[in-house]
Amino acid sequence: MYVLGIETSCDETGIAIYGKNNGLVANQIYSQTELHSNYGGIVPELASRDHIVRIIPLIQKALRESKLSPKDISGIAYTAGPGLIGALMVGATVGCALAYAWQIPAIAIHHMEGHLLTPMWENNIFSPQLPFLGLLVSGAHTQLVEVKNIGEYKLLGESIDDAAGEVFDKVAKLLGLKYPGGALLSQLAKQGQTGRYTFPRPMINQPGLSFSFSGLKTAVANTIRINKNNPNMKADIARAFEDTMIEIIMIKCRRALLATNLRRLVVSGGVSANCNLRKKLNEMISQLQGQAFYPSLKFCTDNGAMIAYVGMLRLKQNIDKTNLIISVKPRWSLEELSIL
Ligand code: KG4
Ligand code: ZN
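Residue numbers (my numbering): 13 to 352.
Structure follows, in structure tokens:
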């Protein structure tokens, strides 16, 4: 049994094939970062148009990579949300059309569930047992999720304004780095000295598990403006910003682990590629005698494999209907999955 996964929620066209018995057998990805970097951020219409150009050749490439033919595919999983509506529509339309042509089910998948479950399939030797706490840190989300079971998700807290990756990208832009700047900012921070600048840590002294990053972003923007004539300030500001972000995320994570009494932490989404974040979270979780799980770097950011995997779970559970109505949800809460 094989599932073809299609991911087109943002600026990566990801196509993968996941087998019930042999795992990932094809993984193709085309990243549009070059296309959008000229604009300093994603241009939704350009993203949709580029997905249209890439998607069919990538599906053909994935079939060649896996040495499978369409008759070996048992289902097509596509990202139905959350994401950019035009971009989602491309994946959903192609997914449903192929499912109709190949007479197999089309399965609508939640993008964040894909991220959340990545460490469960990606490394079989070191995969988390249920239940666990999920920390989703991507370009569009910052969420703490209690995962009781597959498909049973409780949102414990999320950002009330910008997402973690979004703030990394915006601060990177202010520091003159190319989009998407998260990883570049982190590299720059390595050359900086800790403690040269200090920034506010919003919502740390209030109870609760919500995040807020816009005040921090403004403070960093003001500091950059005030110090613009100092040629050495960039790396030190990058260092201070990254340290602050990581500390905020770590404190909230620790709080959520204590509140739920969970000791397994799964960290996923683009920002989970950040080495210093991993280091700090590992220190925190080992103090609690728990364990943290991360995807390998290439599966932190968007990809089709995570969508194919969740599609396989749905197909095995037989809970998804063979529904070919093309419908996407640019906004979609993970908690809604619990009542499927
Ligand atoms: O999960 P993802 O590919 O896209 C969404 O679903 O949103 O995450 C992309 C985000 C971008 O904001 C990018 O700058 C950030 O992840 N990112 C990082 C690092 N690598 C990627 N942020 C901080 N440190 C990194 N090493
Ligand atoms: Zn993502």
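Built from N, CA and C at the ideal position, the CB exists for glycine as well.
Please read all numbers here as calculations on a predicted model, not as lab measurements.
| query | Under 8 Å, do Ile67 and Leu16 count as touching if we go by C-beta distance? | reply | Working through the sequence shown from its first residue, we reach residue 67 at position 55. Working through the sequence shown from its first residue, we reach residue 16 at position 4. No; because the gap between Cβ atoms is not below 8 Å, this pair is not in contact.
| task | Rank His123, Leu187, Ala304 and Arg61 by C-alpha distance to the C-alpha of Tyr321 and give the top, closest one. | result | Counting from one through the sequence shown, the residue named residue 321 turns up at place 309. Comparing Cα-Cα distances from Tyr321 to each of His123, Leu187, Ala304 and Arg61, the minimum goes to His123.
| task | With DSSP as the reference, label Gln203 as helix, strand or coil. | result | To locate residue 203, count along the sequence shown from 1; it is residue 191. If DSSP states are grouped into helix, strand and coil, Gln203 belongs with coil.
| By a C-beta neighbour count over all protein chains shown, 10 Å radius and 16 as the cutoff for buried, is Gln40 buried or exposed? | Here the question's residue 40 lines up with position 28 in the sequence shown. Burial call: buried.
| request: Would you kindly work out how many angstroms separate the C-alpha atoms of Leu293 and Ser308, rounded to a whole number? | output: Position 281 of the sequence shown holds residue 293. Position 296 of the sequence shown holds residue 308. Going by the C-alpha atoms only, they are around 16 Å apart.
| Nearest-angstrom Cβ-Cβ length linking Phe223 and Glu170, presumed shorter than 8 Å | Locating residue 223 in the sequence shown gives position 211, counting from the first residue. Locating residue 170 in the sequence shown gives position 158, counting from the first residue. At roughly 7 Å, the Cβ-Cβ gap stays under 8 Å, so Phe223 and Glu170 are in contact.
| field | Between the CA atoms of Leu129 and Asn217 - distance to the nearest angstrom | value | Locating residue 217 in the sequence shown gives position 205, counting from the first residue. Locating residue 129 in the sequence shown gives position 117, counting from the first residue. Distance between the alpha carbons of Asn217 and Leu129 is about 31 Å.
| When the distance is taken between beta carbons, is Leu100 closer than 8 Å to Thr20? | As a working mapping, residue 20 is identified with position 8 in the sequence shown. As a working mapping, residue 100 is identified with position 88 in the sequence shown. The answer is yes: Cβ separation under 8 Å.
| Bridge-paired residues (DSSP) for Tyr30 | Numbered from its first residue, the sequence shown carries residue 30 at position 18. DSSP lists Val15 and Leu36 as partners of Tyr30.
| Does the Cβ-Cβ distance between Gly227 and Asp181 come in under 8 Å? | Reading the sequence shown from its first residue, position 215 is the one you call residue 227. Reading the sequence shown from its first residue, position 169 is the one you call residue 181. No, Cβ-Cβ distance for Gly227 and Asp181 is not below 8 Å.
| query | When every heavy atom of the ligand KG4 is checked, does at least one fall within less than 7 Å of the C-beta of Pro192? | reply | Against the sequence shown, residue 192 aligns to sequence position 180. Yes; taking the cut-off as 7 Å, the Cβ of Pro192 has a heavy atom of the ligand KG4 nearer than that.
| task | Over the uninterrupted beta strand (DSSP E) stretch that includes Glu164, give me the two end residues. | result | Numbered from 1 along the sequence shown, position 152 holds the residue referred to as residue 164. First-last of the beta strand (DSSP E) with Glu164: Glu164 to Glu170.
| Cβ of Tyr51 within 8 Å of Cβ of Glu24? | Walking along the sequence shown from the start, residue 51 turns up at place 39. Walking along the sequence shown from the start, residue 24 turns up at place 12. No, the pair does not count as a contact, with Cβ atoms beyond the cut-off.
| Closer than 7 Å: Asp314 CB and nearest the ligand ZN heavy atom | Along the sequence shown, one-based indexing puts residue 314 at 302. Indeed, a heavy atom of the ligand ZN lies less than 7 Å from the Cβ.
| message | Out of Gly126, His127 and Ala104, which one is the CA nearest neighbour of Pro117? | response | Walking along the sequence shown from the start, residue 117 turns up at place 105. For the residues Gly126, His127 and Ala104, the minimum Cα distance to Pro117 belongs to Ala104.
| request: Kindly indicate the opening and closing residues of the beta strand (DSSP E) around Asn161. | output: Within the sequence shown, numbered from 1, the residue matching residue 161 stands at position 149. Thr154 to Asn161 is the extent of the beta strand (DSSP E) around Asn161.
| request: Assign Ser284 to one of two classes, buried (16 or more other C-beta atoms within 10 Å of its C-beta) or exposed (fewer than that). | output: As a first step, residue 284 is located in the sequence shown; it is residue number 272 there, counting from the start. With 16 or more Cβ atoms within 10 Å of its Cβ, Ser284 is classed as buried.
| message | Taking 7 Å as the limit between beta carbons, can you name the residues of its chain near Leu325, skipping five residues before and five after? | response | Walking along the sequence shown from the start, residue 325 turns up at place 313. Closer than 7 Å at Cβ, skipping near neighbours: Ile162.
| query | Is it buried or exposed for Met132, if we count other Cβ within 10 angstroms and need 16 for buried? | reply | For this step, residue 132 is matched to residue 120 along the sequence shown. Met132 comes out buried.
| task | Could you tell me which of Arg343, Ile319, Gln303 and Glu347 sits nearest to Ser139, measuring between CA atoms? | result | Residue numbering aside, residue 139 sits at position 127 when the sequence shown is read from its first letter. That would be Gln303, whose Cα lies nearest to the Cα of Ser139.
| task | In angstroms with no decimal places, state the Cα-to-Cα distance between Lys166 and Gln299. | result | Taking the first residue of the sequence shown as 1, we reach residue 166 at position 154. Taking the first residue of the sequence shown as 1, we reach residue 299 at position 287. Taking the straight line joining both Cα atoms gives about 25 Å.
| task | Would you identify the three-state DSSP class for Ile64, choosing helix, strand or coil? | result | Position 52 of the sequence shown, counted from the first residue, corresponds to residue 64. Ile64: helix per DSSP, three-state reduction.
| Buried/exposed call for Asn286, threshold 16 Cβ in 10 Å | As a first step, residue 286 is located in the sequence shown; it is residue number 274 there, counting from the start. With 16 or more Cβ atoms within 10 Å of its Cβ, Asn286 is classed as buried.
| said: Could you give the first and the last residue of the continuous beta strand (DSSP E) run that contains Tyr51? | reply: Taking the first residue of the sequence shown as 1, we reach residue 51 at position 39. It is not in any beta strand (DSSP E) - Tyr51 carries neither H nor E in the DSSP assignment.
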